[in-house]
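Sequential numbering of the sequence shown, starting at 91, is according to the working numbering.
Backbone N, C-alpha and C fix where the C-beta goes; we use that ideal spot for every residue, glycine too.
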Amino acid sequence: MATRTSPARPAPNTVKPVVYFADAAVTRMESSLTLPAKFKRLLEKFDLPARVKDKRVGIKMHFGGDIGYTTISPVFIRILVQALKDAGARHIKAMDNNPADGIARGYTREVLGCDVVSTFGASQKYLYHEPIGFKTLDEALLSGEAVDCDYFIDFSHIKGHGDCGFGGALKNIAMGVTPPETRGKLHRLEGGIAYDPKKCTFCKKCLPACPNGAINADEKAKRVSFFFHHCTYCQHCILICPTHALKLTNRRFEDFAEGMARITALFLKKFKPENLLFINVLLNITMFCDCSGLSTPALVPDLGIVASTDLIAADTAALDLIKPEQLLPNGLPKGRELCAGTHLFEQIHGKDPYVMLQLLERLGGGRSDYTLTEIK
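Below, the structure is given as structure tokens:
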């Protein structure tokens, strides 16, 4: 009986991905030695004319919310957009879930120099259905605006995150190119939300903190209830509750991390490696995500910007640059104590920030070992 042999697999790439690093520190008071100038020189390392000429380029960002102010400065976005224009890009768009959220932070066409659009199109329903098949995460909906780009740039602000441990390039895809339906399925992998009415003082701070209107107040009974059809388990209510009347139950961070990794791996496969770029901004590194709608003092001093064509290398390098001993006196809210852990984000949120990246690496989404090259 004839047998069919599998095609020979290509030899694994033994060359470490390069991560370019523009240090925020300056050696002399000259504009050419400051971070924006270094960022321009960093972008030159990627030979953008060869990569983006005549292509439709999408820049996935996080526009932040409410009165938060620690998102990426428009100065750096405009530098990136101009570099893409000079390289011959056919069309450039910056995207996030709700463009209106970015207006207060200067994310407009006039300021950035490119179109500013919703990740899910004008209808908020421009989506592709993709099967996942991981526990309750049966499928993922992916942004049509992102998937249809010829060249995709993941432009992320590094910060802490209550769910993920940290927010970077991976989070900017797994939660950033998926709508509330998929994010809800991701969060459900973590567990549920328990409400203790004995601890609740009915301050109702949780109601405006919920971005999805999933919490109702019973004025007669003086208690709150949840409409879990709308709940995405973002934990904003848990974070703001002053009496700890809300908490996650049956916490399964590893399941959540794997769901994040699987969605990211699926999205990355939509592009050839040469059509991807990951840029992480390590400025105003705060405790919580920009979606919280508020900003707290920085945890550590400003570090700079890292960039790579490898997502895992870019996120790993960003994490490696952040050290526990760098913690600034006002970085944590008063009364907040560090817990056990190796990385600063783990000591703050109790979650190893490298776990998601390790899972993505197993799925073929990049490499965690890298060569760091500083931009002068």
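Exercise. Work out the CA separation of G178 and A284 for me, nearest whole Å.
Key: To locate residue 284, count along the sequence shown from 1; it is residue 194. To locate residue 178, count along the sequence shown from 1; it is residue 88. Approximately 53 Å, taken between the alpha carbons.
Quiz item: In terms of alpha-carbon separation, which member of T161, E271, Q172 lies closest to Q214?
Solution: Mapped onto the sequence shown, residue 214 falls at position 124. For the residues T161, E271, Q172, the minimum Cα distance to Q214 belongs to E271.
Quiz item: Does the distance from the CB of N302 to the CB of S315 come in under 7 Å?
Solution: Residue numbering aside, residue 302 sits at position 212 when the sequence shown is read from its first letter. Residue numbering aside, residue 315 sits at position 225 when the sequence shown is read from its first letter. Result no, Cβ atoms of N302 and S315 do not sit closer than 7 Å.
Quiz item: So, helix, strand or coil for P164, using DSSP?
Solution: As a position in the sequence shown, residue 164 is number 74, starting the count at 1. P164: helix per DSSP, three-state reduction.
Exercise. Within its chain, find whatever has a CB closer than 6 Å to the CB of L409; leave out the 5 residues flanking it on each side and keep chain order.
Key: Residue numbering aside, residue 409 sits at position 319 when the sequence shown is read from its first letter. Closer than 6 Å at the Cβ level, and outside the excluded window around L409, lie P443.
Quiz item: Would S121 be called buried (16 or more neighbouring beta carbons within 10 Å of its own) or exposed?
Solution: In the sequence shown, residue 121 corresponds to position 31, counting from 1. Exposed: under 16 other Cβ atoms inside 10 Å.
Quiz item: Per DSSP, which one or two residues make a beta bridge with R146?
Solution: Walking along the sequence shown from the start, residue 146 turns up at place 56. Per DSSP, H181.
Quiz prompt | Residues of its chain near Q437, where Cβ-Cβ distance is below 8 Å and the 5 sequence neighbours each way are ignored | solution = As a working note, residue 437 is residue 347 in the sequence shown. Taking C-beta separations shorter than 8 Å and ignoring five residues to either side along the sequence, the partners of Q437 in its chain run P414, L428, C429, A430, G431, following chain order.
Self-check item: Sequence-distant residues of its chain with Cβ nearer than 7 Å to L232 (five each side left out)
Solution: One-based indexing of the sequence shown puts residue 232 at position 142. Within the same chain, L232 has close Cβ partners L217, Y218, E220, V267, T268, F357.
Self-check item: Inside the stretch 324–363 only - beta strand (DSSP E) runs reaching at least 3 residues
Solution: As for any beta strand (DSSP E) of minimum length 3 sitting wholly inside the stretch 324–363, the runs are 336–339, ordered along the chain.
Practice problem: May I ask which residues mark the beginning and end of the beta strand (DSSP E) holding D205? | Solution: Indexing the sequence shown from 1 puts residue 205 at position 115. Segment 205–208, the beta strand (DSSP E) holding D205.
Exercise. Return the CA-CA distance between L366 and F242, expressed in angstroms with no decimal places.
Key: Your numbering for residue 366 matches position 276 in the sequence shown. Your numbering for residue 242 matches position 152 in the sequence shown. Those two C-alpha atoms are separated by around 5 Å.
Exercise. Classify M377 as buried or exposed, calling it buried when 16 or more other Cβ atoms lie within 10 Å of its own Cβ.
Key: Taking the first residue of the sequence shown as position 1, residue 377 is located at position 287. Label assigned to M377: buried.
Quiz item: Does the beta carbon of G349 fall short of 6 Å from some heavy atom of the ligand ADP?
Solution: This structure lacks the ligand ADP; in fact it carries no ligand of any kind.
Self-check item: Cβ-Cβ distance between P107 and S398 below 7 Å
Solution: On the sequence shown, position 17 is the one that residue 107 refers to. On the sequence shown, position 308 is the one that residue 398 refers to. In this structure, the beta-carbon distance from P107 to S398 falls below 7 Å.
Quiz item: Relative to the alpha-carbon of R195, which residue among A184, I157, C290 has its alpha-carbon at the smallest distance?
Solution: As a first step, residue 195 must be located in the sequence shown, where it is residue number 105. Here the closest residue by C-alpha is I157.
Quiz prompt | Segments of 3+ residues assigned as beta strand (DSSP E) that fall wholly inside the stretch 264–313 | solution = Segments of the beta strand (DSSP E) lying fully in the stretch 264–313: 282–285, 305–308.
Quiz item: Any idea if E451 is buried or exposed, counting beta-carbon neighbours within 10 angstroms, 16 or more meaning buried?
Solution: Reading the sequence shown from its first residue, position 361 is the one you call residue 451. E451 counts as buried, since at least 16 other C-beta atoms from the protein chains shown sit within 10 angstroms of its C-beta.
Exercise. Give a yes or no on whether the C-beta atoms belonging to D191 and H152 are separated by under 7 Å.
Key: Here residue 191 refers to the residue found at position 101 of the sequence shown. Here residue 152 refers to the residue found at position 62 of the sequence shown. Result no, Cβ atoms of D191 and H152 do not sit closer than 7 Å.
Quiz item: What residue range is occupied by the uninterrupted beta strand (DSSP E) comprising E220?
Solution: The count along the sequence shown starts at 1 and reaches residue 220 at position 130. Where E220 is concerned, the enclosing beta strand (DSSP E) starts and stops at 217–224.
Quiz item: Who are the Cβ neighbours of A101 in its own chain at under 8 Å, not counting the five residues just before and after it?
Solution: Counting from 1 along the sequence shown, the entry for residue 101 is found at position 11. At A101 the pLDDT is 47, less than 50, meaning the model places this residue with poor confidence and gives no usable figure here.
Quiz item: For L260, is the classification buried or exposed, using 16 other Cβ atoms within 10 angstroms of its Cβ as the cut-off for buried?
Solution: Start at 1 with the first residue of the sequence shown, and residue 260 comes out as number 170. The C-beta of L260 has 16 or more other C-beta atoms within 10 Å across all chains shown, which makes the residue buried.
Self-check item: Bridge-paired residues (DSSP) for A397
Solution: Translated into the one-based positions of the sequence shown, residue 397 becomes position 307. DSSP output for A397 lists Y110, I369 as bridge partner(s).
Quiz item: Ends of the beta strand (DSSP E) at K130?
Solution: Counting from one through the sequence shown, the residue named residue 130 turns up at place 40. Unbroken run through K130 is the alpha helix (DSSP H), 125–134; no beta strand (DSSP E).
Practice problem: Could you spell out the range, first to last residue, of the beta strand (DSSP E) harbouring G255? | Solution: Position 165 of the sequence shown holds residue 255. Under the DSSP assignment, G255 falls in the beta strand (DSSP E) whose first and last residues are 255–257.
Quiz item: With a Cβ-Cβ cutoff of 7 Å, do G148 and F224 count as a contact?
Solution: Position 58 of the sequence shown holds residue 148. Position 134 of the sequence shown holds residue 224. No, the Cβ-Cβ distance between G148 and F224 is not below 7 Å.
Quiz prompt | Range of the contiguous beta strand (DSSP E) that encloses A388 | solution = One-based indexing of the sequence shown puts residue 388 at position 298. Under the DSSP assignment, A388 falls outside any beta strand (DSSP E); it carries neither an H nor an E label.
Quiz item: With a CB to CB cut of under 6 Å and the five nearest residues on each side skipped, what residues in its chain are close to D405?
Solution: Along the sequence shown, one-based indexing puts residue 405 at 315. Result list for D405: G258, A259, L260, L447, in chain order.
Quiz prompt | Contact set for L138: own chain, Cβ-Cβ below 7 Å, skip 5 residues either direction | solution = In the sequence shown, the residue the question calls residue 138 occupies position 48. Answer for L138: A173, L174, A177, listed in chain order.
Quiz item: Cα-Cα, which of A347, D205, L373, F111 is closest to V445?
Solution: The residue labelled residue 445 in the question sits at position 355 within the sequence shown. Restricting attention to A347, D205, L373, F111, the CA atom closest to the CA of V445 is found in A347.
Quiz item: Would G274 be called buried (16 or more neighbouring beta carbons within 10 Å of its own) or exposed?
Solution: The count along the sequence shown starts at 1 and reaches residue 274 at position 184. G274 sits buried, since 16 or more C-beta atoms from the chains shown fall within 10 Å of its C-beta.
Quiz prompt | Top-ranked residue by Cα proximity to G252, from L338, A236, T104, D400 | solution = Taking the sequence shown and counting its residues from 1, the one referred to as residue 252 is at position 162. Of L338, A236, T104, D400, the residue nearest in Cα terms is L338.
Quiz item: What is the residue span of the alpha helix (DSSP H) that L202 lies within?
Solution: Mapped onto the sequence shown, residue 202 falls at position 112. First-last of the alpha helix (DSSP H) with L202: 199–202.
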